[in-house]
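Residue numbers (the working numbering): 236 to 622. Note that CB positions come from ideal geometry on N, CA and C, so glycine has one too.
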């Protein structure tokens, strides 16, 4: 009598699927979300939204809910008008509604730009280490990715960057300012030099798109690069409400550019991509801009305190224009990351050799982090003395 044995099929792996070759072996973007007392690893604004804003959101969402049987405003005109007014007031340059586009986080803005100006047979170039989603979204849209280098101090070498642009002739160039994960700002002269180089490198009259990622622009010591879009139809500035507005859970990003760019991205946007609830919530936040920007000032002061105290402890610190600080240097950054985690503090290991990144939190959170770093250095010194 034979016995039938049921075999459990082996688990299917991603690479067992017929995915595109350029996605094989890649890892999705993400940071560990661990249950620890102090989480300073995702560049979130640590301050909850003020109660008056929470109430205003409830009012606007209630109004929107009465019409959820209808599609939202496809073009988000009221929201774009509000964002244009905000940029005109804070960005040093007048912007019209026709120059602003909004999407689900700045990542969707980047995706739509690459769907429109990148894609198969085209390339994008960024200067790394920088925001890893630029490369990931490029690959996801079938756009070839070119990694440009930075100096040892994480600034961009203009001459070297020009040479890379001339050699590779990219269709899209990303400039992150302030740069994530280093916090380094880029001056207007550098942006203009790379913009001009990108246009000169392309044989077509249309030139190349240059995207200035200002996700952390409100935290910078420097003025926004927004005025540079004037007279430059191939220059785009992208922003987000996740950081300065303390609305990471909202998922609202936007860009400012020539109206033709706004028209172009609408060729690839999904129909009704911004829900009525999202638009209502963002509009409520824009009504409380002054209050929210006061939190930004507090965080800038805390960021500067982190820089000062980390240097006093003995860390190397990259000067930061963002709401985070890159610090080191460690023989093994991941070992240092784990040591801080053992003290109840979660920071970010971005894979930059020798460096870690910490988000500016509340004063109490920052005190706990600094105490953990002091303990780490004390433990390291004790081990060295025992050798």
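For the pair residue 279 and residue 272, the Cα-to-Cα distance works out to about 15 Å. Per DSSP, the unbroken beta strand (DSSP E) holding residue 382 starts and ends at 379-384. Residue environment: residue 574 is assigned as buried (16 or more neighbouring CB atoms within 10 Å of its CB, all protein chains considered). Proximity of the stretch 509-521 to the stretch 308-321 meets the contact definition, three or more beta-carbon pairs being nearer than 8 Å. For residue 313, the enclosing alpha helix (DSSP H) covers residues 312-325.
In this structure, residue 275 and residue 600 form a Cβ contact; the two beta carbons are roughly 6 Å apart against a cut-off of 8 Å. Under the DSSP definition of a beta bridge, residue 561 partners with 592. In the structure shown, residue 473 falls within a strand segment according to DSSP collapsed to helix, strand and coil. Under DSSP, residue 581 shares a beta bridge with 274.
With contact defined as three or more Cβ pairs closer than 8 Å, the stretch 561-569 and the stretch 580-600 are in contact. Relative to residue 410, the option among 525, 345 and 580 whose CA is nearest is 345. For residue 415, the number of other beta carbons within 10 angstroms of its own is at least 16, and it is reported as buried. Across the set 598, 597, 569 and 437, the C-alpha of 569 shows the shortest separation from the C-alpha of residue 611.
Taking C-beta atoms as the reference points, residue 405 and residue 381 count as a pair closer than 8 Å. Straight-line spacing of the CA atoms in residue 499 and residue 351 works out to 7 Å. In this chain, the alpha helix (DSSP H) harbouring residue 424 covers 423-436. DSSP places residue 448 in no alpha helix (DSSP H) but in the uninterrupted beta strand (DSSP E) bounded by 444-448.
Distances from the CA of residue 397 to each of 423, 429 and 408 were compared; the closest alpha carbon is that of 429.
Counting only runs of 3+ residues, the beta strand (DSSP E) found wholly inside the stretch 483-533 occupies 488-491, in chain order. A distance below 8 Å separates the beta carbons of residue 520 and residue 288. Taking C-beta atoms under 8 Å as the contact rule, residue 471 and residue 496 qualify, at a distance of about 6 Å. Its Cα nearest to that of residue 384, the residue 365 stands out among 365, 376, 378 and 375. Assignment of residue 537 by DSSP, reduced to helix, strand and coil, places it in the helix class. For residue 489, the number of other beta carbons within 10 angstroms of its own is at least 16, and it is reported as buried. When DSSP states are grouped into helix, strand and coil, residue 453 belongs to the helix group. Listed in chain order, the non-local C-beta contacts of residue 462 below 6 Å within the same chain comprise 327 and 328, local neighbours out to five positions each way being set aside. Cβ neighbours of residue 324 within its own chain (closer than 7 Å, five residues either side excluded): none.
The Cβ-Cβ distance between residue 419 and residue 390 falls below 8 Å.
The three-state reading of DSSP puts residue 351 in helix, counting H, G and I together.
For the stretch 274-310, the full-length alpha helix (DSSP H) segments reaching 4 residues or more read 286-300 along the chain. With respect to the 8 Å criterion, residue 474 and residue 341 are classified as neighbours on the basis of their beta carbons. Sixteen is the threshold: since fewer than 16 other Cβ atoms of the shown chains lie within 10 Å of the Cβ of residue 424, the residue is exposed.
By the Cβ neighbour-count rule, residue 309 is exposed, with fewer than 16 other Cβ atoms within 10 Å of its own. Going by DSSP, residue 361 is part of no alpha helix (DSSP H) but of the beta strand (DSSP E) stretching over 358-363. Put simply, of 319, 540 and 572 the residue whose alpha carbon is nearest the alpha carbon of residue 559 is 540.
Residue state for residue 604 is assigned as helix, using DSSP reduced to three classes.
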